[in-house]
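Residues in the sequence shown are numbered consecutively from 1, following our numbering.
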Amino acid sequence: MWITLSEKLEKVKAQIQRLNDLGEQMRDAPDGQISLTDPDARSMATSGRGTGMVGYNVQIAVDAKHHLIVTDEVTNVGHDRNQLFCMATQTRDALGAKDVTVVADRGYFKGEELVGCERSGITALVPKPQTSGNKAQGLFDKKDFRYIAQDDEYQCPAGERAIKRHTRMENGQILTRYWSSACPRCPLKGRCTTGDYRRISRWEHEAILETMQDRLDRTPNAMRLRRQTVEHVFGTLKAWMGATHFLMKTLPKVKTEMSLHVLAYNLKRMLRIFGAKPLMTAMTG
(Lines of atoms letter the chains of each structure in order from A and count residues from 1; the text may use other names and numbers.)
(Lines give C-alpha, C1' and ligand atoms only; values in the text may rest on other atoms or scores of the structure.)
Protein backbone atom coordinates (compact mmCIF):
# COMPACT_ATOMS: atom_id res chain seq x y z
CA MET A 1 0.00 0.00 0.00
CA TRP A 2 1.42 3.31 -1.10
CA ILE A 3 1.00 6.50 0.93
CA THR A 4 1.41 9.73 -0.93
CA LEU A 5 3.48 12.63 0.38
CA SER A 6 0.36 14.74 0.90
CA GLU A 7 -1.22 11.98 3.00
CA LYS A 8 1.93 11.78 5.16
CA LEU A 9 1.83 15.54 5.64
CA GLU A 10 -1.81 15.37 6.71
CA LYS A 11 -0.96 12.73 9.33
CA VAL A 12 1.89 14.82 10.66
CA LYS A 13 -0.34 17.90 10.84
CA ALA A 14 -3.01 15.91 12.68
CA GLN A 15 -0.41 14.67 15.18
CA ILE A 16 0.89 18.20 15.71
CA GLN A 17 -2.67 19.43 16.32
CA ARG A 18 -3.26 16.60 18.81
CA LEU A 19 -0.09 17.51 20.70
CA ASN A 20 -1.03 21.19 20.70
CA ASP A 21 -4.45 20.30 22.13
CA LEU A 22 -2.78 18.23 24.86
CA GLY A 23 -0.45 21.14 25.60
CA GLU A 24 -3.46 23.44 26.09
CA GLN A 25 -5.08 20.89 28.41
CA MET A 26 -1.88 20.71 30.48
CA ARG A 27 -1.73 24.51 30.74
CA ASP A 28 -5.35 24.58 31.91
CA ALA A 29 -4.84 21.79 34.48
CA PRO A 30 -4.32 23.11 38.06
CA ASP A 31 -1.14 21.05 38.54
CA GLY A 32 0.03 21.15 34.92
CA GLN A 33 -0.52 17.42 34.43
CA ILE A 34 -2.91 15.19 32.51
CA SER A 35 -3.03 11.40 32.32
CA LEU A 36 -4.48 9.74 29.23
CA THR A 37 -4.78 6.35 30.96
CA ASP A 38 -6.28 7.37 34.31
CA PRO A 39 -7.56 10.96 34.69
CA ASP A 40 -6.77 11.02 38.43
CA ALA A 41 -3.26 9.54 38.27
CA ARG A 42 -0.32 11.93 38.68
CA SER A 43 3.47 11.82 38.50
CA MET A 44 5.00 10.48 41.72
CA ALA A 45 8.60 11.52 42.38
CA THR A 46 11.05 8.62 42.58
CA SER A 47 14.19 9.05 44.64
CA GLY A 48 17.66 9.17 43.20
CA ARG A 49 16.93 9.54 39.48
CA GLY A 50 15.03 12.79 39.20
CA THR A 51 12.25 10.93 37.38
CA GLY A 52 8.64 10.14 38.16
CA MET A 53 6.17 7.27 37.87
CA VAL A 54 2.53 8.00 37.08
CA GLY A 55 0.30 6.58 39.80
CA TYR A 56 -0.91 7.27 43.35
CA ASN A 57 0.61 8.05 46.72
CA VAL A 58 -0.39 5.52 49.40
CA GLN A 59 -0.23 6.51 53.07
CA ILE A 60 -0.49 4.08 55.97
CA ALA A 61 -0.02 4.31 59.72
CA VAL A 62 1.19 1.15 61.44
CA ASP A 63 1.30 0.45 65.17
CA ALA A 64 4.76 -0.45 66.39
CA LYS A 65 3.66 -3.30 68.70
CA HIS A 66 1.51 -5.55 66.51
CA HIS A 67 2.28 -4.14 63.04
CA LEU A 68 -1.41 -3.65 62.31
CA ILE A 69 -2.44 -0.92 59.87
CA VAL A 70 -4.32 1.67 61.92
CA THR A 71 -5.43 3.89 59.03
CA ASP A 72 -4.73 4.32 55.33
CA GLU A 73 -5.15 7.01 52.70
CA VAL A 74 -4.53 7.34 48.97
CA THR A 75 -3.76 10.67 47.32
CA ASN A 76 -2.60 11.78 43.89
CA VAL A 77 -0.14 14.33 45.26
CA GLY A 78 3.42 13.39 44.38
CA HIS A 79 4.99 14.20 47.76
CA ASP A 80 4.31 13.64 51.48
CA ARG A 81 4.91 17.14 52.85
CA ASN A 82 1.21 17.85 53.48
CA GLN A 83 0.27 14.43 54.86
CA LEU A 84 1.69 14.35 58.40
CA PHE A 85 -1.03 16.16 60.35
CA CYS A 86 -3.86 14.49 58.43
CA MET A 87 -2.50 10.98 58.96
CA ALA A 88 -1.60 11.68 62.59
CA THR A 89 -5.10 12.89 63.47
CA GLN A 90 -6.71 9.99 61.61
CA THR A 91 -4.48 7.61 63.57
CA ARG A 92 -5.37 9.19 66.89
CA ASP A 93 -9.09 9.08 66.07
CA ALA A 94 -8.92 5.45 64.91
CA LEU A 95 -7.18 4.42 68.13
CA GLY A 96 -9.48 6.50 70.31
CA ALA A 97 -6.37 7.70 72.09
CA LYS A 98 -5.76 11.07 73.66
CA ASP A 99 -2.00 11.10 73.11
CA VAL A 100 -0.09 9.46 70.27
CA THR A 101 3.49 9.56 69.05
CA VAL A 102 4.04 9.48 65.30
CA VAL A 103 7.36 8.76 63.57
CA ALA A 104 7.79 9.66 59.90
CA ASP A 105 10.68 10.01 57.46
CA ARG A 106 12.13 13.35 56.38
CA GLY A 107 9.82 13.52 53.35
CA TYR A 108 7.03 14.51 55.76
CA PHE A 109 8.93 17.45 57.23
CA LYS A 110 6.98 20.70 56.95
CA GLY A 111 6.84 23.36 59.64
CA GLU A 112 3.12 24.01 59.41
CA GLU A 113 2.32 20.29 59.67
CA LEU A 114 4.51 19.93 62.75
CA VAL A 115 2.90 22.97 64.38
CA GLY A 116 -0.52 21.42 63.76
CA CYS A 117 0.58 18.20 65.47
CA GLU A 118 2.06 20.06 68.44
CA ARG A 119 -1.08 22.14 68.98
CA SER A 120 -3.23 18.99 68.82
CA GLY A 121 -1.18 17.18 71.44
CA ILE A 122 0.42 14.81 68.94
CA THR A 123 4.09 14.05 69.54
CA ALA A 124 5.89 14.03 66.19
CA LEU A 125 9.36 12.73 65.34
CA VAL A 126 10.39 13.79 61.83
CA PRO A 127 14.02 14.45 60.82
CA LYS A 128 14.74 17.66 58.95
CA PRO A 129 15.96 17.34 55.34
CA GLN A 130 19.64 18.13 54.87
CA THR A 131 19.39 21.01 52.40
CA SER A 132 21.82 23.55 53.84
CA GLY A 133 23.72 25.36 51.09
CA ASN A 134 26.25 26.67 53.60
CA LYS A 135 27.08 23.18 54.87
CA ALA A 136 27.53 21.98 51.29
CA GLN A 137 30.10 24.74 50.81
CA GLY A 138 31.96 23.78 53.99
CA LEU A 139 30.62 26.76 55.93
CA PHE A 140 29.03 26.83 59.39
CA ASP A 141 25.49 25.47 59.43
CA LYS A 142 22.61 27.12 61.26
CA LYS A 143 22.79 24.46 63.97
CA ASP A 144 26.26 25.80 64.82
CA PHE A 145 24.56 28.98 66.06
CA ARG A 146 23.02 28.64 69.55
CA TYR A 147 19.75 30.44 70.17
CA ILE A 148 19.53 32.20 73.55
CA ALA A 149 15.80 32.49 74.23
CA GLN A 150 15.93 34.91 77.17
CA ASP A 151 17.82 37.47 75.07
CA ASP A 152 16.26 36.59 71.69
CA GLU A 153 19.75 36.40 70.20
CA TYR A 154 22.05 33.84 68.56
CA GLN A 155 25.59 33.09 69.68
CA CYS A 156 27.87 32.35 66.76
CA PRO A 157 30.82 29.89 66.73
CA ALA A 158 33.18 32.81 67.40
CA GLY A 159 31.30 33.72 70.59
CA GLU A 160 29.71 36.89 69.19
CA ARG A 161 26.01 37.69 69.48
CA ALA A 162 23.79 37.97 66.41
CA ILE A 163 21.04 40.36 67.49
CA LYS A 164 17.51 40.82 66.18
CA ARG A 165 17.38 43.21 63.22
CA HIS A 166 13.93 43.02 61.62
CA THR A 167 10.83 40.83 61.20
CA ARG A 168 8.81 40.43 58.03
CA MET A 169 6.53 38.09 56.08
CA GLU A 170 8.22 35.85 53.51
CA ASN A 171 6.37 33.18 51.52
CA GLY A 172 3.53 33.17 54.04
CA GLN A 173 5.86 32.80 57.06
CA ILE A 174 6.85 35.39 59.65
CA LEU A 175 10.66 35.39 59.78
CA THR A 176 13.05 37.35 61.99
CA ARG A 177 16.59 38.15 60.82
CA TYR A 178 19.63 38.23 63.11
CA TRP A 179 23.26 39.19 62.50
CA SER A 180 26.26 40.52 64.37
CA SER A 181 28.06 43.81 63.74
CA ALA A 182 31.35 41.98 64.37
CA CYS A 183 31.12 39.89 61.17
CA PRO A 184 33.46 42.00 58.97
CA ARG A 185 36.30 41.73 61.54
CA CYS A 186 35.68 38.12 62.62
CA PRO A 187 38.68 35.76 62.25
CA LEU A 188 36.25 32.90 61.40
CA LYS A 189 34.43 34.83 58.67
CA GLY A 190 35.98 32.71 55.91
CA ARG A 191 34.38 29.63 57.47
CA CYS A 192 31.03 31.33 58.03
CA THR A 193 29.87 33.40 55.06
CA THR A 194 30.91 34.74 51.67
CA GLY A 195 28.97 37.97 52.26
CA ASP A 196 29.61 40.92 54.53
CA TYR A 197 27.43 39.52 57.33
CA ARG A 198 26.15 36.07 58.30
CA ARG A 199 22.39 36.46 58.56
CA ILE A 200 20.32 33.96 60.56
CA SER A 201 16.59 33.53 59.93
CA ARG A 202 14.19 32.36 62.63
CA TRP A 203 10.60 31.31 61.98
CA GLU A 204 7.95 32.42 64.48
CA HIS A 205 7.32 28.75 65.38
CA GLU A 206 10.98 27.72 65.38
CA ALA A 207 10.79 26.71 69.04
CA ILE A 208 8.41 23.86 68.13
CA LEU A 209 10.90 22.53 65.57
CA GLU A 210 13.72 22.81 68.10
CA THR A 211 11.71 20.87 70.68
CA MET A 212 11.05 18.12 68.16
CA GLN A 213 14.72 17.97 67.19
CA ASP A 214 15.61 17.60 70.85
CA ARG A 215 13.19 14.65 71.08
CA LEU A 216 14.85 13.09 68.05
CA ASP A 217 18.32 13.55 69.53
CA ARG A 218 17.13 11.73 72.66
CA THR A 219 15.55 8.93 70.58
CA PRO A 220 18.37 7.75 68.29
CA ASN A 221 16.56 4.55 67.28
CA ALA A 222 13.37 6.28 66.12
CA MET A 223 14.14 6.06 62.39
CA ARG A 224 15.22 2.44 62.66
CA LEU A 225 11.94 1.63 64.41
CA ARG A 226 10.02 3.43 61.65
CA ARG A 227 11.76 1.46 58.91
CA GLN A 228 11.25 -1.96 60.49
CA THR A 229 7.60 -1.15 61.22
CA VAL A 230 6.01 0.54 58.22
CA GLU A 231 8.41 -0.54 55.45
CA HIS A 232 7.87 -4.20 56.35
CA VAL A 233 4.13 -3.74 55.89
CA PHE A 234 4.58 -1.93 52.57
CA GLY A 235 6.84 -4.76 51.38
CA THR A 236 4.21 -7.35 52.28
CA LEU A 237 1.42 -5.45 50.53
CA LYS A 238 3.48 -4.98 47.38
CA ALA A 239 4.34 -8.68 47.31
CA TRP A 240 0.64 -9.53 47.48
CA MET A 241 -0.83 -6.97 45.10
CA GLY A 242 2.05 -6.43 42.69
CA ALA A 243 4.59 -3.71 43.18
CA THR A 244 3.92 -1.75 40.00
CA HIS A 245 0.24 -0.94 39.63
CA PHE A 246 -3.31 -0.88 40.98
CA LEU A 247 -5.99 -2.83 39.13
CA MET A 248 -8.54 -0.01 39.34
CA LYS A 249 -8.58 3.48 37.84
CA THR A 250 -9.66 6.87 39.27
CA LEU A 251 -9.04 7.93 42.85
CA PRO A 252 -12.28 6.67 44.52
CA LYS A 253 -11.85 3.17 43.08
CA VAL A 254 -8.15 3.04 43.91
CA LYS A 255 -8.99 4.04 47.51
CA THR A 256 -11.48 1.18 47.69
CA GLU A 257 -8.93 -1.27 46.28
CA MET A 258 -6.34 -0.16 48.82
CA SER A 259 -8.83 -0.44 51.69
CA LEU A 260 -9.57 -4.03 50.71
CA HIS A 261 -5.86 -4.84 50.74
CA VAL A 262 -5.55 -3.24 54.18
CA LEU A 263 -8.53 -5.25 55.46
CA ALA A 264 -7.02 -8.48 54.16
CA TYR A 265 -3.63 -7.66 55.67
CA ASN A 266 -5.09 -6.86 59.09
CA LEU A 267 -7.22 -10.03 59.11
CA LYS A 268 -4.22 -12.23 58.26
CA ARG A 269 -2.12 -10.39 60.82
CA MET A 270 -4.72 -10.90 63.57
CA LEU A 271 -5.05 -14.55 62.64
CA ARG A 272 -1.32 -14.89 63.19
CA ILE A 273 -1.46 -13.01 66.52
CA PHE A 274 -4.62 -14.47 68.09
CA GLY A 275 -5.37 -17.66 66.18
CA ALA A 276 -8.56 -18.45 64.23
CA LYS A 277 -10.89 -19.48 67.06
CA PRO A 278 -10.10 -16.65 69.49
CA LEU A 279 -10.39 -14.12 66.65
CA MET A 280 -13.77 -15.51 65.54
CA THR A 281 -14.96 -15.42 69.15
CA ALA A 282 -13.84 -11.82 69.54
CA MET A 283 -15.53 -10.79 66.28
CA THR A 284 -18.84 -12.51 67.04
CA GLY A 285 -18.93 -11.97 70.80
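Just so you know, even glycine gets a beta-carbon here, dropped at the ideal spot from N, CA and C.
- Here DSSP, grouped into helix, strand and coil, assigns H166 to strand.
- S259 and D214 have their C-alpha atoms roughly 36 Å apart.
- In the structure shown, L68 adopts coil according to DSSP, grouped into three states.
- With at least 16 other beta carbons inside 10 angstroms of its own, E160 counts as buried.
- With fewer than 16 other Cβ atoms inside 10 Å of its own Cβ, H66 counts as exposed.
- Annotated three-state conformation of Y154 is strand, per DSSP.
- For Q33, no beta strand (DSSP E) segment is defined, and its DSSP state is neither H nor E.
- In this structure R18 is exposed. Its beta-carbon is surrounded by fewer than 16 other beta-carbon atoms within 10 angstroms.
- A149: not part of any beta strand (DSSP E); DSSP gives it neither H nor E.
- Measuring C-alpha to C-alpha distances from P127 to each of T167, R106, P252, Y147 identifies R106 as the nearest.
- In this chain, the alpha helix (DSSP H) harbouring V115 covers 111 to 119.
- For A61, no alpha helix (DSSP H) run applies; the uninterrupted beta strand (DSSP E) run containing it begins and ends at 57 to 62, by DSSP.
- Residue pairing by DSSP places M283 in no beta bridge whatsoever.
- Remark: C-beta atoms of A94 and T71 approach each other more closely than 8 Å.
- Non-local beta-carbon contacts of A182 in its own chain, meaning distances under 6 Å to residues more than five positions away in sequence, involve E160 in chain order.
- Of the candidates Q173, E257, Y154, L216, the residue whose Cα lies closest to the Cα of I200 is Y154.
- In this structure, V230 sits away from I122, with a CB-CB distance that is not shorter than 8 Å.
- According to DSSP, residue pairing for L175 in a beta bridge involves R168, W203.
- Under the three-state reduction of DSSP, A45 is assigned to strand.
- Take R146, set aside five residues on each side of it, and the residues of its chain with a beta-carbon closer than 6 Å to its own are Q155, in chain order.
- Cβ contact annotation for E118 (same chain, cutoff 6 Å, sequence separation greater than five): I208, in chain order.
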